[in-house]
Amino acid sequence: MQVQPDSELDNYLTEISPENSGIWLLKYRYMFGLADFSSFYCGTHELFEPKLRFLPHVTMSNNHGCIISRSKIAKQMGYGMSQNAFELVKQMKKDGVIDYSSNYEYYQSMSNRGFNHVAQFCDIVERYSIDELFMLFKQWDQDALPALGREIVRSTTKGVGVEICLGLAPTKLLAKVANKMAKKSPDKSGVVVLQTDAQIRAALQDFPVEDLWGIGPAYAKFLSGWNIYTALDLAMQPEYWVKQNMTVQSQRLWYELRGVSCVPMEEIPPDKKHICTSRSFAKTIDDFDLILKAVSNHATSCAYKLRKDKLNCTAVVVFLQTDKFRTEQKQYNNDIVIKLDVYSNAARVIVSKALEGLRKIYRKGYAYKKTGVMVIDLIPESHQQTALLFEEKTHNMEVEAKLSKALDSINNRYGRNTVQLGAQGNDKQLQLNAPNLCPCYTTRIEDIMKISIG
DNA sequence: TCTGGGGTCCTAGGACCC
DNA sequence: TCTGGGGTCCTAGGACCC
Numbered sequence: 005m006q007v008q009p010d011s012e013l014d015n016y017l018t019e020i021s022p023e024n025s026g027i028w029l030l031k032y033r034y035m036f037g038l039a040d041f042s043s044f045y046c047g048t049h050e051l052f053e054p055k056l057r058f059l060p061h062v063t064m065s066n067n068h069g070c071i072i073s074r075s076k077i078a079k080q081m082g083y084g085m086s087q088n089a090f091e092l093v094k095q096m097k098k099d100g101v102i103d104y105s106s107n108y109e110y111y112q113s114m115s116n117r118g119f120n121h122v123a124q125f126c127d128i129v130e131r132y133s134i135d136e137l138f139m140l141f142k143q144w145d146q147d148a149l150p151a152l153g154r155e156i157v158r159s160t161t162k163g164v165g166v167e168i169c170l171g172l173a174p175t176k177l178l179a180k181v182a183n184k185m186a187k188k189s190p191d192k193s194g195v196v197v198l199q200t201d202a203q204i205r206a207a208l209q210d211f212p213v214e215d216l217w218g219i220g221p222a223y224a225k226f227l228s229g230w231n232i233y234t235a236l237d238l239a240m241q242p243e244y245w246v247k248q249n250m251t252v253q254s255q256r257l258w259y260e261l262r263g264v265s266c267v268p269m270e271e272i273p274p275d276k277k278h279i280c281t282s283r284s285f286a287k288t289i290d291d292f293d294l295i296l297k298a299v300s301n302h303a304t305s306c307a308y309k310l311r312k313d314k315l316n317c318t319a320v321v322v323f324l325q326t327d328k329f330r331t332e333q334k335q336y337n338n339d340i341v342i343k344l345d346v347y348s349n350a351a352r353v354i355v356s357k358a359l360e361g362l363r364k365i366y367r368k369g370y371a372y373k374k375t376g377v378m379v380i381d382l383i384p385e386s387h388q389q390t391a392l393l394f395e396e397k398t399h400n401m402e403v404e405a406k407l408s409k410a411l412d413s414i415n416n417r418y419g420r421n422t423v424q425l426g427a428q429g430n431d432k433q434l435q436l437n438a439p440n441l442c443p444c445y446t447t448r449i450e451d452i453m454k455i456s457i458g
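According to the working numbering, the first sequence holds residues 5 to 458 in order.
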């Protein structure tokens, strides 16, 4: 596969720097932004509990296994990302650190607010993750750019209620670099702009190569073997070297470092290739009936996600895993693909196939830690193949679709799991360990009532 | 005591065909 | 008897992201 600067974005380039071996650009037609919320999950907790701003607090992963977000004060106290809870429990108690369970329904709604707010400042917004957005500016004034950046940060932080940082630069990768610099920047304005040749070079010279978007631990180790330690070191390698020693993704990264845009904006998110729901059990389980209920729950959730995205699947994967960290216990990991007779997103169909798979891979006598269901080979609902089917199957499909529709409308109105399939269950052993869940301040009326009274 | 969950992209290599 | 070599398709697994 050949790497070419994106054809549309190619038009941005107007002048090429004559000096140096490579392409370094002096002027750009368009500008990219990367906005991200600082300590997003913790920040959203502070919004409705203002006293938290003066207390150390963290947000925990499911089952309170590790830290996934830290408040400013917790960061200053030395609490790190992904630290295991069991190592920290005593210290946290001593330091008075509050540990919140994660509440993704609430975070998603806050993320939507951020997206809508930021959209008013640029031509295209792309949701990159729950707490990051890419922006594209088709027109801007070079001298006024820093001031525009500060205005976006000020207005969004105030309007949404959670602090943001912004990086502005001529490619997505450089915008990521600028954003990281903004987080560390001592001037506290929350913005870094990289738009001249000199600014970009200076930034890359001080930027560790392992912090680049797309360079993980494996590449970092490989690059250090070649004495490549900074982003500038990598950018100064000849293209053929990158081609020979790395992948096409790295080649794109190399172009982007040099100001040639290769990673286009994705205004409309592409259709998903697969959808997965999986959970670790709070405590290991070997009982088949309990695992069957968990798999039914996950399969129901996959079917719901499919319907929400207007997709059908043609195959279901089930997997079952023992606790990989308990190396002294006997291990068993397995998965299986079960093909569907026809495309479907109906809960009963997906669940029955998932259970068929589970029965095939379940072995008695193991302490299982995690199970999950994945739906694969996804196609849009609009691709109908009913004409090719036997009448009986077509009829069954229609019945299942109606049933799922009824299920969705009841559950959307009265809350998740108001109506369930018989195979599902919410036994105590299957419940997540989430002792300190914050209210869904923005999405659930009963929770909203709580805060207005309290 | 416990170590998340949900994704994408790319490459290598096997199977198969001509 | 020789057994090359180009092409496609599929899958497992690695690497990376938040």
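Where is the CB? At the ideal position from N, CA and C, for every residue including glycine.
Bear in mind that the values here come from a model prediction, so they are computed numbers and not experimental data.
*Express the C-alpha separation of E450 and R363 in angstroms, rounding to a whole number.*
On the first sequence, residue 363 is found 359 positions in, with the first residue counted as 1. On the first sequence, residue 450 is found 446 positions in, with the first residue counted as 1. One C-alpha to the other measures close to 40 angstroms.
*Quick one: is K373 buried, meaning 16 or more other Cβ sit within 10 Å of its Cβ, or exposed?*
Taking the first sequence and counting its residues from 1, one reaches residue 373 at position 369. The residue is buried, with at least 16 neighbouring Cβ atoms inside 10 Å.
*asked:* So the candidates are I380, L208 and R417; which of them puts its Cα closest to the Cα of W258?
replied: Residue numbering aside, residue 258 sits at position 254 when the first sequence is read from its first letter. The option with the nearest alpha carbon to W258 is L208.
*Following the continuous alpha helix (DSSP H) through D145, name the residue where it begins and the one where it ends.*
Taking the first residue of the first sequence as 1, we reach residue 145 at position 141. Per DSSP, D145 belongs to no alpha helix (DSSP H) and is neither H nor E.
_Is the beta carbon of V379 closer than 8 angstroms to that of I354?_
In the first sequence, residue 354 corresponds to position 350, counting from 1. In the first sequence, residue 379 corresponds to position 375, counting from 1. Cβ atoms of I354 and V379: closer than 8 angstroms.
*Alpha carbon to alpha carbon, how far is G376 from C280? Give it in angstroms, no decimals.*
Counting from 1 along the first sequence, the entry for residue 280 is found at position 276. Counting from 1 along the first sequence, the entry for residue 376 is found at position 372. Each residue's alpha carbon lies about 7 angstroms from the other.
*Evaluate contact between the region 204-220 and the region 59-77, counting only Cβ atoms and requiring at least three cross-stretch pairs below 8 angstroms.*
no
*State the start and end residues of the unbroken alpha helix (DSSP H) segment that holds H49.*
By 1-based counting over the first sequence, the position of residue 49 is 45. It spans F44 to F52 - the alpha helix (DSSP H) in which H49 sits, taken as one unbroken run.
*Would you be able to state if there are at least three C-beta pairs under 8 angstroms between the region 440-447 and the region 93-110?*
yes
_Neighbourhood of G153 by C-beta distance below 7 angstroms, restricted to the same chain and skipping five residues each side_ = What you label residue 153 is simply residue 149 of the first sequence in a count that begins at 1. The residues are L170, L172, V195 and V197.
*Any idea if R74 is buried or exposed, counting beta-carbon neighbours within 10 angstroms, 16 or more meaning buried?*
As a working mapping, residue 74 is identified with position 70 in the first sequence. It is buried - the Cβ of R74 has at least 16 other Cβ atoms within 10 Å.
*Run the CB neighbour count on P54, radius 10 Å, all protein chains shown included, and call it buried at 16 or more, exposed below.*
Translated into the one-based positions of the first sequence, residue 54 becomes position 50. Looking at its Cβ environment, which holds fewer than 16 other Cβ atoms inside 10 Å, P54 is exposed.
*Given that a residue counts as buried once 16 or more other Cβ atoms are within 10 Å of its Cβ, and exposed if not, what is G369?*
Against the first sequence, residue 369 aligns to sequence position 365. Its Cβ having fewer than 16 others within 10 Å, G369 is exposed.
*With distances taken from CA atoms, which of K314, I414, G69 and Y104 is nearest P500?*
Outside the displayed range of the chain (5 to 458) lies residue 500, so it cannot be described from this structure.
_Beta-carbon proximity of A427 to L296, cut-off 8 angstroms_ = Looking up residue 427 in the first sequence gives position 423. Looking up residue 296 in the first sequence gives position 292. Against a cut-off of 8 angstroms, the Cβ pair of L296 and A427 comes out as a contact.
_Alpha-carbon to alpha-carbon, I72 and S43_ = The residue labelled residue 43 in the question sits at position 39 within the first sequence. The residue labelled residue 72 in the question sits at position 68 within the first sequence. The straight-line gap from Cα to Cα measures roughly 9 angstroms.
_Contact belief for F119 with G37 at Cβ below 8 angstroms, rounded distance in angstroms_ = Within the first sequence, residue 119 is the residue found at index 115, counting from 1. Within the first sequence, residue 37 is the residue found at index 33, counting from 1. With 8 angstroms as the limit, F119 and G37 do not qualify as a contact, their Cβ atoms being about 13 angstroms apart.
*asked:* Suppose contacts are defined by Cβ-Cβ distances below 8 angstroms. Is N440 in contact with A286 by that definition?
replied: Stepping through the first sequence from its first residue, residue 440 is reached at position 436. Stepping through the first sequence from its first residue, residue 286 is reached at position 282. No, the pair does not count as a contact, with Cβ atoms beyond the cut-off.
*Would you kindly work out how many angstroms separate the C-alpha atoms of P273 and V267, rounded to a whole number?*
Working through the first sequence from its first residue, we reach residue 273 at position 269. Working through the first sequence from its first residue, we reach residue 267 at position 263. Going from the Cα of P273 to the Cα of V267 covers about 14 angstroms.
*In chain order, what residues of the same chain have a beta carbon less than 6 angstroms from the beta carbon of Q335, not counting five sequence neighbours either side?*
Counted from its first residue, the first sequence places residue 335 at position 331. Cβ within range, chain order: T326.
*For E136, which three-state DSSP category applies?*
Position 132 of the first sequence, counted from the start, is the residue given in the question as residue 136. Strand, per DSSP.
_If I measure Cβ to Cβ from E271 and keep anything under 7 angstroms in the same chain, skipping five residues before and after, which residues do I get?_
In the first sequence, the residue the question calls residue 271 occupies position 267. Counting only Cβ-Cβ distances below 7 angstroms, and skipping sequence neighbours, we find I128 and E130.
*If you draw a straight line from the alpha carbon of P174 to that of L56, how long is it in whole angstroms?*
Here the question's residue 174 lines up with position 170 in the first sequence. Here the question's residue 56 lines up with position 52 in the first sequence. Those two C-alpha atoms are separated by around 37 angstroms.
*Alpha-carbon spacing of A350 relative to T200, whole angstroms*: For this step, residue 350 is matched to residue 346 along the first sequence. For this step, residue 200 is matched to residue 196 along the first sequence. One C-alpha to the other measures close to 54 angstroms.
_What ranges does the beta strand (DSSP E) occupy inside the region 143-231, keeping only unbroken runs of at least 3 residues that lie completely in it?_
168-173 and 195-197
*Is the CB-CB distance between W230 and K180 below 8 angstroms?*
Here the question's residue 230 lines up with position 226 in the first sequence. Here the question's residue 180 lines up with position 176 in the first sequence. No, Cβ-Cβ distance for W230 and K180 is not below 8 angstroms.
*H278 (DSSP reduced to helix, strand or coil)*: Numbered from its first residue, the first sequence carries residue 278 at position 274. Coil, per DSSP.
*Within 10 angstroms of its Cβ, does A235 collect 16 or more other Cβ (buried), or is it exposed?*
Residue 235 sits at position 231 when you count from the first residue of the first sequence. By the 10 Å Cβ count, A235 comes out buried.
*Taking N88 as the reference, give the member of N116, F329, M401 and P150 with the closest Cα.*
For the purposes of this step, residue 88 is taken as residue 84 along the first sequence, with counting starting at 1. Here the closest residue by C-alpha is F329.
*Apart from the five residues on each side of it in sequence, which residues of its chain come closer than 6 angstroms, Cβ to Cβ, to L178?*
Residue 178 sits at position 174 when you count from the first residue of the first sequence. Same-chain partners within the cutoff: L198.
_Assigned exposure category for V166 - 16 Cβ within 10 Å defines buried_ = Along the first sequence, read from residue 1 onward, the residue named residue 166 stands at position 162. Result: buried.
_C-alpha gap between L84 and Y104, whole angstroms_ = Sequence index remark: in the first sequence, residue 84 carries index 80 (1-based). Sequence index remark: in the first sequence, residue 104 carries index 100 (1-based). Rather than Leu, the amino acid found at residue 84 in this sequence is Gly. If I take the Cα positions, the gap works out to 15 angstroms.
*Do you know whose CA, among A123, P212 and A186, lies nearest S159's CA?*
Here residue 159 corresponds to residue number 155 of the first sequence, with the count starting at 1. For the residues A123, P212 and A186, the minimum Cα distance to S159 belongs to A123.
*asked:* Measuring straight from C-alpha to C-alpha, what distance separates K276 and L382?
replied: The residue you call residue 276 lines up with position 272 of the first sequence. The residue you call residue 382 lines up with position 378 of the first sequence. In a straight line, the C-alpha of K276 is about 7 angstroms away from that of L382.
*asked:* Given a cut-off of 8 angstroms on the beta-carbon distance, is the pair N66 and S284 in contact?
replied: The residue given as residue 66 occupies position 62 in the first sequence. The residue given as residue 284 occupies position 280 in the first sequence. Their beta carbons are under 8 angstroms apart, which means N66 touches S284 by this criterion.
_Here's the rule I'm using: 16 or more other beta-carbon atoms within 10 Å means buried, otherwise exposed. How should M453 be labelled?_
If you number the first sequence from 1, residue 453 lands on position 449. Exposed is the call here.
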